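Chains Y and U are the protein sequences, given in the same order. Numbering (the working numbering) for the first sequence: 1 to 243. Numbering (the working numbering) for the second sequence: 1001 to 1525. Below: one structure, written as structure tokens.
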Amino acid sequence: MITVQDLYVTYDKRTPALRGVSLDFHDGEFVGIIGLSGSGKSTLLKTLNGLVSPSKGKVFVEDKDVSRLKGKELRDLRRGIGFVFQEFNLVDRSSVLENVLIGRLGYQSSFKSFFGVFQDEDYRLAEEALETVGLKEKTFERGDQLSGGQKQRVAIAKTLAQEPRVILADEPVASLDRNSGKAVMDTFQRIQQKYGISIIVNLHDVDLARKYCHRLVGLKNGKILFDQKTEEISDDDITGLYS
Amino acid sequence: MMTLRDYIAKKKKKNRIWFFGILLFWAVTAYGVNFDLFRIISGLPDMFNLLGRMFSPEFSYIREAMPRLLETIEMALVSTTLGVLIGVLIALFTAKNTTLHPIIPKIIGPLLTFFRTIPNLIWAAILVTIFSVGKFPGMIALTITAVLITVKLLREYIETLNKNLLNGVESVGGSKIQVLRFAVLPTIFEHSLSVYFIVLEINIRSATILGLVGAGGIGQILWRDLNHLRYDNLATLIILLFLTILIIDFISVTIRKNLKKFYIPRTSIASFKLQQQKKWGGIIALLILGFLWLFFSLDITAERLIVGLGSGRDIILRMVQIDLSYIPRLIEGLLESVHIALFATITGGVGAVVLSYFTAYNTAPSPIVAVILKGVVNLLRTFPPIIVAIIFFRGVGPGPLAGAMALGIYTLGVMTKLYSEVIESAGTSIQQGIMVTGSTKLNSYRYGILPQTFPNFISLILYRLESNIRTSTILGIIGAGGIGTLLSTNITWRNWERVGLLILGIALLMIAIEKISERIRKRLI
Ligand SMILES: Nc1ncnc2c1ncn2[C@@H]1O[C@H](COP(=O)(O)OP(=O)(O)OP(=O)(O)O)[C@@H](O)[C@H]1O
Ligand SMILES: [Mg+2]
Chain Y
1 MITVQDLYVT
11 YDKRTPALRG
21 VSLDFHDGEF
31 VGIIGLSGSG
41 KSTLLKTLNG
51 LVSPSKGKVF
61 VEDKDVSRLK
71 GKELRDLRRG
81 IGFVFQEFNL
91 VDRSSVLENV
101 LIGRLGYQSS
111 FKSFFGVFQD
121 EDYRLAEEAL
131 ETVGLKEKTF
141 ERGDQLSGGQ
151 KQRVAIAKTL
161 AQEPRVILAD
171 EPVASLDRNS
181 GKAVMDTFQR
191 IQQKYGISII
201 VNLHDVDLAR
211 KYCHRLVGLK
221 NGKILFDQKT
231 EEISDDDITG
241 LYS
Chain U
1001 MMTLRDYIAK
1011 KKKKNRIWFF
1021 GILLFWAVTA
1031 YGVNFDLFRI
1041 ISGLPDMFNL
1051 LGRMFSPEFS
1061 YIREAMPRLL
1071 ETIEMALVST
1081 TLGVLIGVLI
1091 ALFTAKNTTL
1101 HPIIPKIIGP
1111 LLTFFRTIPN
1121 LIWAAILVTI
1131 FSVGKFPGMI
1141 ALTITAVLIT
1151 VKLLREYIET
1161 LNKNLLNGVE
1171 SVGGSKIQVL
1181 RFAVLPTIFE
1191 HSLSVYFIVL
1201 EINIRSATIL
1211 GLVGAGGIGQ
1221 ILWRDLNHLR
1231 YDNLATLIIL
1241 LFLTILIIDF
1251 ISVTIRKNLK
1261 KFYIPRTSIA
1271 SFKLQQQKKW
1281 GGIIALLILG
1291 FLWLFFSLDI
1301 TAERLIVGLG
1311 SGRDIILRMV
1321 QIDLSYIPRL
1331 IEGLLESVHI
1341 ALFATITGGV
1351 GAVVLSYFTA
1361 YNTAPSPIVA
1371 VILKGVVNLL
1381 RTFPPIIVAI
1391 IFFRGVGPGP
1401 LAGAMALGIY
1411 TLGVMTKLYS
1421 EVIESAGTSI
1431 QQGIMVTGST
1441 KLNSYRYGIL
1451 PQTFPNFISL
1461 ILYRLESNIR
1471 TSTILGIIGA
1481 GGIGTLLSTN
1491 ITWRNWERVG
1501 LLILGIALLM
1511 IAIEKISERI
1521 RKRLI
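Right, here's the structure in full:
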């Protein structure tokens, strides 16, 4: 579904972040990307939905070359890809419901959505998404009244409202305590099982990655060190990654 | 190696140099504004007499002035509403992080900076010659000010918004407009409301004086009474203004403090949808109502408007052909304005250092003194300086001294309020750290709090200086000295080439002062 071919990303023409990465992501997978800080995990995820452009190599999503998309086409691509940020990126002053409805914006004309006009279908999807992440009772609360873990689950509900084929998550639990982190990872797992949406998640906690992900990609200095099923990965692989 | 004694000697010398330097500087500016203590003292009885009359206003005259007062409030309300709405839109499209195209802030930014340097009384004076006497020119002038202030306050705020917030909408495939509508607008909403009330507080003050140049409102009869030397009527008008400003300030501050409590949670999707519909219905109704109000309250015909626009274009075309031969007079006028502003800033600033000691709760000799002084200070800063200048006319006659004294008093009020708040928030810890050594409250102020908070003081006084220079350029319009005198005569005589030069001169001076003060402030931090 997503194909990455010999990808290079260099920031400011000086800092190399990715140096020749090739890999495939398939439908319904739960993939973890692990590696040291600065190894290029975030960069890899951001090139997948066009937030960062490659300096060399290509990314295909459903056979579309991401770096060639612009304007409307790029927005159409993005609405089919959920993106979950480490810092949640919610609108704190809006209600939970409004935040989730933001996930529907890609399907609206700018004009209509300016007046906050959503269809019944949008509301239904938003409600269902909140139900899936277990926050239905918070629907009308303001964003800033939630805990960090709840905010992240609202962010996930927002991506669910996009009806995406894949959800990308960049260190979604790094700002959370252990328990909230687990709740968030459980939510991802549920989504992957229930809807068959593939999950690609950056993690720095190897234990979490091993527990939830079916496949792990190890990045080191912008290159792939290993890319295997989780159960095939040895402790030596991990030690090699973090040395 | 510097010995301790050297250090102490040096420090003492430095303090002394500063002290005499400022004194000398003050003396120069005092000379520049014809400062004359004797004249002020001998004028005091007349001024007190005027102030005394304010306590026994003439009710028959109040009835006559009432329609004008209502007109003033209406002007402030309508122009603030319109100006803030336009200002929010401009701010959204010119903030660096939310603009539709990076070139837009680069063009509009400097343009707005230029326009901001021109005081709104000058806008009004020019607009009056274009659209004739009435509230229409006043409304436009106030709206322009409202737009400019809103853009400045809001744009800075928007630019501090996190990139993450915008990413959250961009990543779902939202367009730029949708980013503005769903991420930025909800986030700045509360702040915009508070900007609205700040602008309202500024505009109600401006609205009272616009009439001095014929731009509607109560200022117009104020001007008439001033010219006829009807000090009895003036006293009545001034007390009316005072109460009006006080009431509007009170409402505004109360609302600003309680903004946070406005969120009403819903209980079901249906009620949420209903609320959305109601909200937009309400907003649209309000807009229509606002425009209707604007339309019917404007005292101008379509013909007059078109004629005005035509002559406006001619005036602009003449203004850009600045009259360079007028430069000597320009410099003379600017110099007098700068003298007035500096005199007021130094006098008011030094006074504020002393007065703040008695006004801040943690340093005042007793809480009662602090409470009383807080009241007095609020009184001092309620009146627009140009109105206080009128009171001084009674004592010392027209001229730069009246303007300088009025501006000085206003500065004293504003600076004491702000600086005593700084002292209060600097907390009692520094003070106690010194008092435990057995030192007095006064010494803990002099050697603890004052040095500690001095950078804040300088930064506040620099802002005040900027604002004072802006005000000093308009005092002359009523004859209180400075470049405003030249401006108003040349506007009256329609010497637009000269007006162009004067405005350019003011703008350059303002920009220079802003740049200098910005640099000093940065170095302080
Ligand atoms: N916007 C940027 N501009 C310049 N350099 C960047 C930028 N973003 C990342 N880099 C650099 O690119 C390299 C890879 O960064 P990236 O954020 O992809 O790593 P990461 O694996 O996500 O690290 P972390 O675990 O700290 O998030 C680093 O050297 C980083 O300094
Ligand atoms: Mg990262």
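Just so you know, even glycine gets a beta-carbon here, dropped at the ideal spot from N, CA and C. Just so you know, these numbers come straight off a predicted model, no measurement behind them.
Got a sec? Which residues, its chain only, sit under 6 Å from residue i by beta carbon, not counting five neighbours each side?
i: Val-1131 (chain U); result: For clarity, residue 1131 (chain U) is Phe in the given sequence; the question names Val instead. Around Phe-1131 (chain U): Pro-1137, Gly-1308.
i: Thr-1485 (chain U); result: Gly-1476
i: Gly-1312 (chain U); result: Ile-1130
i: Tyr-1157 (chain U); result: His-1191
i: Ser-1472 (chain U); result: Ser-1337, Ile-1340, Ala-1341, Gly-1482
Would you say residue i touches ligand 2, meaning its beta carbon is less than 8 Å from a heavy atom?
i: Glu-87 (chain Y); result: no
i: Asn-202 (chain Y); result: yes
i: Ser-175 (chain Y); result: no
i: Ser-42 (chain Y); result: yes
i: Asp-170 (chain Y); result: yes
i: Ser-952 (chain U); result: No answer is possible for residue 952 (chain U): it lies beyond the span of chain U, which begins at 1001 and ends at 1525.
i: Ser-37 (chain Y); result: yes
Quick one: what's residue i bridged to in DSSP?
i: Gln-228 (chain Y); result: Y:Leu-216
i: Ile-199 (chain Y); result: Y:Phe-30, Y:Ile-167
i: Ser-95 (chain Y); result: Y:Arg-142
i: Gln-5 (chain Y); result: Y:Lys-58
i: Pro-16 (chain Y); result: Y:Thr-10
i: Phe-25 (chain Y); result: Y:Ile-2
i: Phe-83 (chain Y); result: Y:Leu-168
Are any of the Cβ atoms in chain U nearer than 9 Å to that of residue i?
i: Ser-180 (chain Y); result: no
i: Pro-48 (chain Y); result: It is Leu, not Pro, that sits at residue 48 (chain Y) in the sequence shown. Chain U contact via Cβ: absent.
i: Asp-65 (chain Y); result: no
i: Tyr-11 (chain Y); result: no
i: Ala-169 (chain Y); result: no
i: Asp-25 (chain Y); result: Looking at the sequence shown, residue 25 (chain Y) is not Asp but Phe. False, the Cβ-Cβ gap to chain U never drops below 9 Å.
i: Gln-193 (chain Y); result: no
i: Leu-229 (chain Y); result: According to the sequence shown, residue 229 (chain Y) is Lys rather than Leu. Not an interface residue.
Quick check: is any heavy atom of ligand 4 less than 8 Å from the C-beta of residue i?
i: Glu-137 (chain Y); result: This structure does not include ligand 4; its bound ligands are ligand 1 and ligand 2.
I want to see whether chain Y comes within less than 9 Å of residue i, judged by CB atoms only; does it?
i: Lys-1257 (chain U); result: no
i: Arg-1181 (chain U); result: yes
i: Gln-1276 (chain U); result: yes
i: Trp-1280 (chain U); result: yes
i: Ser-1252 (chain U); result: no
i: Val-1088 (chain U); result: no
i: Ile-1169 (chain U); result: The displayed chain sequence assigns Val, not Ile, to residue 1169 (chain U). Yes, contact with chain Y.
i: Arg-1266 (chain U); result: yes
i: Pro-1398 (chain U); result: no
i: Leu-1165 (chain U); result: yes
i: Glu-1159 (chain U); result: no
i: Pro-1186 (chain U); result: yes
i: Glu-1303 (chain U); result: no
i: Lys-1135 (chain U); result: no
Under 8 Å from any heavy atom of ligand 1, does the C-beta of residue i make it?
i: Tyr-11 (chain Y); result: yes
i: Gly-1484 (chain U); result: no
i: Leu-1127 (chain U); result: no
i: Ala-209 (chain Y); result: no
i: Thr-15 (chain Y); result: yes
i: Gly-222 (chain Y); result: yes
i: Leu-219 (chain Y); result: yes
Leaving out the 5 sequence neighbours to the left and right, which residues in its chain are closer than 8 Å to residue i when beta-carbon positions are compared?
i: Phe-1182 (chain U); result: Val-1169, Gly-1174
i: Val-1151 (chain U); result: Gly-1087, Ile-1090, Ala-1091, Thr-1094, Leu-1112
i: Glu-1071 (chain U); result: Lys-1135, Gly-1216, Gly-1217, Ile-1218
For residue i, collect the residues of the same chain with a Cβ closer than 7 Å to its Cβ; drop the 5 residues on either side in sequence, then sort them by chain order.
i: Tyr-8 (chain Y); result: Leu-18, Arg-19, Gly-20, Pro-54, Ser-55, Lys-56, Gly-57
i: Asp-242 (chain Y); result: The displayed chain sequence assigns Tyr, not Asp, to residue 242 (chain Y). So the list reads Leu-36, once near-sequence residues are dropped.
i: Leu-1193 (chain U); result: Leu-1259
If we count Cβ pairs, one from each stretch, closer than 8 Å, do we get three or more for the region 1342-1358 of chain U versus the region 1407-1425 of chain U?
Contact between the region 1342-1358 of chain U and the region 1407-1425 of chain U is present, because at least three Cβ pairs lie under 8 Å.
Looking at C-beta atoms only, is the number of pairs between the region 199-207 of chain Y and the region 156-170 of chain Y that lie closer than 8 Å three or more?
Contact between the region 199-207 of chain Y and the region 156-170 of chain Y is present: 3 or more CB-CB pairs across the two stretches fall below 8 Å.
At least 3 beta-carbon pairs within less than 8 Å: the region 130-148 of chain Y vs the region 67-85 of chain Y:
Segment contact: the region 130-148 of chain Y against the region 67-85 of chain Y, fewer than three CB-CB distances shorter than 8 Å; contact not assigned.
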